[in-house]
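If you count by the numbering used here, then the sequence shown holds residues 1 to 487, one letter each, in order.
Every residue gets a Cβ at the ideal spot worked out from N, C-alpha and C, and that includes glycine.
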Amino acid sequence: MNGIDLVGPQFAVLIAAGLALVVDAVLPRQRRLIPFVALAGLALSVAWSISWVARDDYQTAFGGTLVLDRYAVFFYFVFAGIAAAVVLASIEWVERAGRGQAEYYALVLASTAGFMFLASSRDLISIFIALELSSIPQYILAGWGKDERSSEAGLKYLLLGAIASAVLLYGMALLYGFTRTTELGGIADAVAAGGDANRSLLILAVALVIAGFGFKMAVVPFQMWVPDVYQGAPTPVAAYLSVGSKGAAFAVVTRLFFEGLGPGVASDDWSMIFAVVAAVSMTFGNVMAIAQTDIKRLLGYSSIAQAGNIMVGLAAISVAGEEFVLGASGVIFFVAAYAFTNLGAFIAVIAISQRIGSDRIADYAGMWKRSPALAGVLALCLVSLTGIPPTAGFWAKLYVFNSAIRADMAWLVIIGVLNSLVSAYYYLGIAKTMFVAQPAEEATFRPPLTLSISLGVAAAGVLALGLIPGPVLSAAHDAAETLALVY
């Protein structure tokens, strides 16, 4: 296969982005077709990826800077699914906004292509280019709303994102200075052969790289942008940021530590750092979420806590042995489960907000009487975020916590379980408001068809991963083992 064939899934998404702009320019009366052009591009990307599902080997493209393996393909499916859900959830909102319909979907698709490139990048240069391809559209999308809060969210996200990119680039430059290569396999060889010489330079370089990606992962202490941006950005964009950006960051950091640094280096220097960041992120996010009265802001702090849960898997990756694969597969599965769960919660918020015109939790009172399906899906997603069976969130937490126990980090699991109990207070508090409190008005409503479809898919995913987790757990484990083949 040539290089173009190997990046077909990304090109399918980028071509759809271009076609959306062409349809808007050439057929302005057919703008309603634009979201379906976007969905067709995502479907083509998935179809292109399916042929690689059963393969045990991997192929590289463009001088080894990109790789197509089962790890990358797994995330292709995740990112395409995220984008499709966001496109469906955005149709009503974009039509109401009355401007930039083609540009909006083109930006979502361009960012999604960047996510896919990140999942398959195994060179520092391609990683940085893919990161910027995914990030720049997000900065624009965060400020897409007409109100002042959205503009503030976009500006804040842009400024802090630019700083994070600069920190990341400086770390990559130092890493290149230490290893004299930008290719992850070459970095691994140089690190293994380097001994203790210039060890402090290596530690500083990797610390800066992790700090840069920490901004995208939204872990403490790089989380300061999350609540304000989630609250101010349009809700479909906040949904996209909460799962897409976070998932892509964890995908590339997992590959970086698996292929570029290896278990030996990670075990010496990073296991405890990741564990502490995980514990602090879980605790900070959950404690801050308790006091929130705006549901988008609450979900913002919740996403910080969930990032801490995923970091538990990264801490286990930092230990050599079978735990290396267990930690990686835990991260992979958690990202997939979190995508279904958090998207479902945000899409429900979109539907409710369009009807009641408010994001205040108190205004969700008696929602089950007004829209039983919406209240049920939102409650299901909140239960999954808490980690209660039989939902996707339960298995996601169980898997990463199990990898931590196998890595002799029982203390971290105890902190994680205690934080899950704290999260139950505010997650189930929202459910209580919907099911126990009396509504301010009795008028019932149903969400639009496109929102209903995306809600149904999200709810089905949460239940399917909760009741039948085996196939996806197996796929996540296979994807993690594929990283070892590349390394």
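Specify the secondary structure class of S516 as computed by DSSP and reduced to three states.
Residue 516 falls outside the range modelled here, since the chain spans only 1 to 487, and no answer is possible.
What first and last residue would you give for the beta strand (DSSP E) that runs through L256?
Looking at the DSSP string, L256 is not in any beta strand (DSSP E), and its letter there is neither H nor E.
Do G300 and V226 have their beta-carbon atoms positioned less than 8 Å apart in this structure?
Yes.
Check the C-beta distance from G244 over to I82 and give it rounded, since I have them as a contact under 8 Å.
Confirmed, about 5 Å.
Quick one: what's got a C-beta closer than 6 Å to A437's C-beta in the same chain, skipping five residues either side?
Excluding sequence neighbours, A437 sits near A365, G366.
Can you tell which of L68, P389, G8 has its C-alpha closest to the C-alpha of L41?
The residue you asked about is not Leu; residue 41 is Gly in the sequence shown. The option with the nearest alpha carbon to G41 is G8.
In or out: S51 buried (at least 16 other Cβ within 10 Å) or exposed?
Exposed.
How far does the alpha helix (DSSP H) with Q306 in it extend, from its first residue to its last?
Counting along the chain, the alpha helix (DSSP H) containing Q306 begins and ends at 295-317.
On the premise that Q101 lies in contact with R31, defined as a C-beta separation below 8 Å, what is that separation, rounded to the nearest angstrom?
Their Cβ separation, rounded to whole angstroms, is 5 Å, which keeps R31 and Q101 in contact under 8 Å.
To the nearest angstrom, how far is the alpha carbon of V486 from that of S474?
Note that V486 scores a pLDDT of 48, beneath 50, so its modelled location is shaky; the value from the coordinates is reported in the next line. Each residue's Cα considered, the two are about 19 Å apart.
By DSSP, does L66 sit in helix, in strand, or in coil?
It is a strand residue.
Return the chain-ordered list of same chain residues with a C-beta closer than 7 Å to the C-beta of M311, the five sequence neighbours on each side being excluded.
The residues are V219, F274, V277, A278, S281.
Between the Cα of A207 and the Cα atoms of L256, G308, E183, F435, which residue gives the shortest distance?
Checked all of L256, G308, E183, F435; the closest Cα to A207 is L256.
As a quick exercise: from L261, A188, G161, pick the residue whose alpha carbon is nearest that of V229.
The option with the nearest alpha carbon to V229 is G161.
Could you please give the first and the last residue of the uninterrupted alpha helix (DSSP H) stretch that includes T60?
Taken as a continuous stretch (DSSP letters only), T60 belongs to no alpha helix (DSSP H), being part of the beta strand (DSSP E) at 59-61.
What did DSSP end up calling R32 once you bin it into helix, strand or coil?
It is helical.
Entirely within the segment 388-471 and at least 4 residues each: give me those alpha helix (DSSP H) ranges in chain order.
Listed in chain order, the complete alpha helix (DSSP H) runs (minimum 4 residues) inside the segment 388-471 are 392-406, 410-435, 449-467.
Less than 8 Å separating the beta-carbons of S49 and Y71?
Result no, Cβ atoms of S49 and Y71 do not sit closer than 8 Å.
Here's the rule I'm using: 16 or more other beta-carbon atoms within 10 Å means buried, otherwise exposed. How should D147 be labelled?
Under this definition D147 is an exposed residue.
Three-state secondary structure (DSSP) at R360?
In the structure shown, R360 sits in a strand (DSSP, three-state: E or B).
Can you tell which of A80, L21, F178, A392 has the C-alpha that lies nearest to the C-alpha of G330?
Closest option to G330, Cα to Cα, is A392.
In the DSSP output, what is E152 paired with across the bridge?
In DSSP, E152 forms no bridge with anything.
In the DSSP assignment, the alpha helix (DSSP H) including A375 goes from what residue to what residue?
372-386 is the span of the alpha helix (DSSP H), which, as asked, contains A375.
Can you give me the Cβ contacts of V237 inside the same chain, cut-off strictly under 7 Å, excluding the 5 residues immediately before and after it?
Closer than 7 Å at the Cβ level, and outside the excluded window around V237, lie L141, A142, W144.
Which residue wins for smallest C-alpha separation from A379, given the options A396, I347, F128, G357?
When each option's Cα is compared against that of A379, the closest is I347.
With a cut-off of 8 Å on the beta carbons, I'd call L118 and A130 a contact; round off their distance for me.
L118 to A130, Cβ: 4 Å. Contact.
Is the beta carbon of T482 less than 8 Å from the beta carbon of D123?
No, Cβ-Cβ distance for T482 and D123 is not below 8 Å.
Which residue or residues does DSSP assign as beta-bridge partners of E183?
According to DSSP, E183 bridges with D123.
In the DSSP assignment, find the alpha helix (DSSP H) that holds L241 and state where it starts and stops.
Premise fails: L241 is in no alpha helix (DSSP H) and is neither H nor E.
Taking L412 as the reference, give the member of I356, M272, Y427, F284 with the closest Cα.
Nearest C-alpha to L412: M272.
Report the rounded CA-to-CA distance for L241 versus V400, giving the unit in angstroms.
L241 and V400: Cα-Cα distance of roughly 23 Å.
Just to confirm the assignment, what range does the alpha helix (DSSP H) spanning K146 have?
No alpha helix (DSSP H) contains K146, which DSSP labels as neither H nor E.
Which value, in whole angstroms, describes the spacing of the CA atoms of F62 and F250?
Roughly 23 Å separates the two Cα atoms.
Please report the straight-line C-alpha distance between A479 and L326, rounded to a whole angstrom.
One C-alpha to the other measures close to 11 Å.
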